[in-house]
Amino acid sequence: MKMETPKRPKARADVYRRLIGYLRPYWKQVAFAYVSVLFASLLNLYIPQILKDAIDLGIEGQRAGALFTAAGWILGIAVVRGFAAYGQRYYGEWLTHRVAYDLRNRFYNATQRLPFAFHDRSQTGDLMSRATSDITETERFVGMGLMDLTASLLLLGGVIVAMVLESPYLALYALVPLSLLLALTLRFGMVIRPRFKRVQEQMGQLSSTMQESMTGIQVVKAFARETDELRKFNAANEDWFAKRFGIIKIWANNWPTFTFILLSSIFLLLLVGGPLAIEGTVTVGSLFAMLAYVMMLNGPVQRLGFLVNMAATSGASATRLFEIIDTPIEVEEKENPVVLQDVQGAVTFEQVSFGYEGGPRALDGIGFQVEAGQTVALIGPTGSGKSTITNLIPRFYDPASGAIRIDGHDVRSLALDSLRKHIGIVLQDPFLFGVTIAENIAYGAPAATPDAIVAAAKAARAHDFIMEFPAGYETVVGERGVTLSGGQKQRVAIARALLYEPRILILDDSTSSVDTETEHLIQQALDVLMEGRTTFIIAQRLLTLKNADQIFVLDGGRIVERGRHDELLAAGGLYRSIYDLQLRDQEEFAALEAQLREQIESERADSDESSVQSPVLAGAAEERRN
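With the numbering used here as the guide, the letters of the sequence shown map in order to residues 1 to 626.
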């Protein structure tokens, strides 16, 4: 999915300027690295002059001492360049990976602070691709790549100046093809950069396809859709290869041209400079120096094409990173926000309306007041707004209009950390991290002691099954807690909420996916969790509805009925319809279950009475026999 964000870098130059800005905090390392680059480039420019003197003075002038002197200078330059190359490579690599470290942190921090609305419209696989592939492409350029580009440009400029100083006439012939080469190289970069952006976007789509398939692997296997998933992945992969192959063709078409232009410069030098050297207008050493300067450009010019390629890839990848980093925060704290303390848990909705991006209104003029410690059950058809209400309380989203207050404070005036610290959430399908059970329980309270973790687990009716594992609380659960059953995961999540000690609870009460015994244990744990806390429950169970202080019946984003269970049944509205369709069976089952339980207990009492009387009857029979 191509992610559309409201803020993008305005131009290519802005992207590269921002990337280079990541080097600013490390100016000392940058200085060492680029001084090494400058030093190595200047020393390279001196070598053709040494060779010129060796030919003109040593060979043409038949002075052996000049040859030995030239050899000594070249050996000394090689040693000094070795140290310069070490500084260039060491600090270049250090800067490469340090910038990647900073970019990765900045990107991850951006994804963490962005609101639910952003994650609603984004794909995890695409975000992972940006965090890995795009950062890798960016780091290659901003460290060593930028340094190599600087070295190539320095050498190119230095060679041009040296050639003009050596022989302006010959330099004119040599530089005409080189000017064309430079223009074609810059054009190559402009053509290839947008293509690299499309390649990186397709890589994000490819990652999303893989992530979705891997996450849903149980569903894939259950419906025997492996072949279809492979076909879908193969299509995305082929699309990526086609885009990448298009770049390869452009590169292949341009590379021979670059080489031909460079060699044509040597051809012109020999064609024009050879007769001049024979005539003595220029020395043989000077002609050789000019040829050496052109040959010296062979590596840098070829690298220049590669580096332009790298810069284009980096610019495309950096654009995708900055799209996320620059995404506006839709849920922002005000300046000097109020820190919520001594929370009682009273919640008020004042004519709240809200709609998800690109959709109709999910809530329309919702208003209610919940006293501290009350239990509120939310019930209604799918899409009626139940989950939206519970998402607005911890400020995962902000309402389009109206206000939500906790103990009289508008949630938009509160510090987010202090707000969410007092709200605990237990979902129908709780998420567990791939760490130990103890760490999952203590996720909201990392400083909790082992005794506190055990106490929370016992209250959540989770201690017994945890101790059945060989490693107990140190058992590492699989990804998303896959090694635990649904009921076990739910009880660990309840323990996590208990240890968090929130004043306001948000619960999805559905236990339809667990057996009766597990449901009973979960209900016991929920009773402990709800005690003394303001609780909002998306209700699926009749018992929850009967015990609720208030029931809000939602339909079409509005509260159409409110009251207690008996009152709403008597009113004969939507609640009564839901009760007749969904909840009456629960009540009849509960009545049958109670009747069976009474019958079993009665039979057990009769059996116990018989076992008590049987020795008396046996004694009487023995007396009659005697």
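No residue lacks a Cβ here, since even glycine has one placed at the ideal position from N, Cα and C.
Please read all numbers here as calculations on a predicted model, not as lab measurements.
Item: Coarse secondary structure for residue 353, derived from DSSP in three states; Value: strand
Item: Buried versus exposed, by CB contacts within 10 Å (16 or more), residue 280; Value: exposed
Item: At least three beta-carbon pairs within less than 8 angstroms, the segment 265-274 to the segment 225-241; Value: no
Item: Nearest-angstrom beta carbon gap, residue 553 and residue 543 [assumed within contact, 8 angstroms]; Value: With 8 angstroms as the limit, residue 543 and residue 553 do not qualify as a contact, their Cβ atoms being about 17 angstroms apart.
Item: Pairwise C-alpha distance: residue 102 and residue 427; Value: 35 angstroms
Item: Chain-order list of residues whose beta-carbon lies under 6 angstroms from that of residue 284 (same chain, five-residue window excluded); Value: 55 and 277
Item: Buried or exposed by the 16-neighbour rule on C-beta atoms within 10 Å, applied to residue 254; Value: buried
Item: Contact between the segment 310-324 and the segment 361-373 (3+ Cβ pairs under 8 angstroms); Value: no
Item: Touch test, the segment 499-507 against the segment 461-470, Cβ-Cβ under 8 angstroms, three pairs minimum; Value: no
Item: Contact set for residue 144: own chain, Cβ-Cβ below 7 angstroms, skip 5 residues either direction; Value: 92, 93 and 96
Item: Exposure of residue 10, with buried meaning 16 or more beta-carbon neighbours within 10 Å; Value: Only weak support is given to the placement of residue 10: the predicted model assigns it a pLDDT of 47, under 50, and the value that follows is read from those uncertain coordinates. Exposed, because fewer than 16 other Cβ atoms sit within 10 Å of the Cβ of residue 10.
Item: Contact under 8 angstroms by Cβ, residue 492 with residue 505; Value: no
Item: Validate contact between the segment 370-378 and the segment 532-549 using beta carbons, cut 8 angstroms, 3 pairs; Value: yes
Item: Neighbourhood of residue 415 by C-beta distance below 8 angstroms, restricted to the same chain and skipping five residues each side; Value: 333, 337, 338, 339 and 340
Item: Inter-residue Cα distance where the pair is residue 114 and residue 353; Value: 22 angstroms
Item: DSSP three-state assignment for residue 550, whether helix, strand or coil; Value: strand
Item: Proximity winner among 331, 395, 308 and 454, relative to residue 190 (alpha-carbon distances); Value: 308
Item: Simplified DSSP assignment, three categories, for residue 23; Value: coil
Item: Where residue 50 falls: helix, strand or coil (DSSP); Value: helix
Item: Pair within 8 angstroms by beta-carbon distance, residue 247 and residue 196; Value: yes
Item: Cα-Cα separation, residue 226 to residue 447; Value: 44 angstroms
Item: Reference residue 172; option with closest CA among 209, 149 and 266; Value: 266
Item: Straight-line Cα distance separating residue 138 from residue 5; Value: For residue 5, the predicted model reports a pLDDT of 41, less than 50, meaning its position is unreliable and no value from the coordinates is stated.
Item: Simplified DSSP state of residue 118, which is helix, strand or coil; Value: helix
Item: When 286, 78, 140 and 252 are compared against residue 318, the one with the closest alpha-carbon; Value: 140
Item: Boundaries of the alpha helix (DSSP H) in which residue 230 is found, first to last residue; Value: 226-279
Item: Straight-line gap, residue 147 to residue 344 (C-alpha atoms, nearest Å); Value: 60 angstroms
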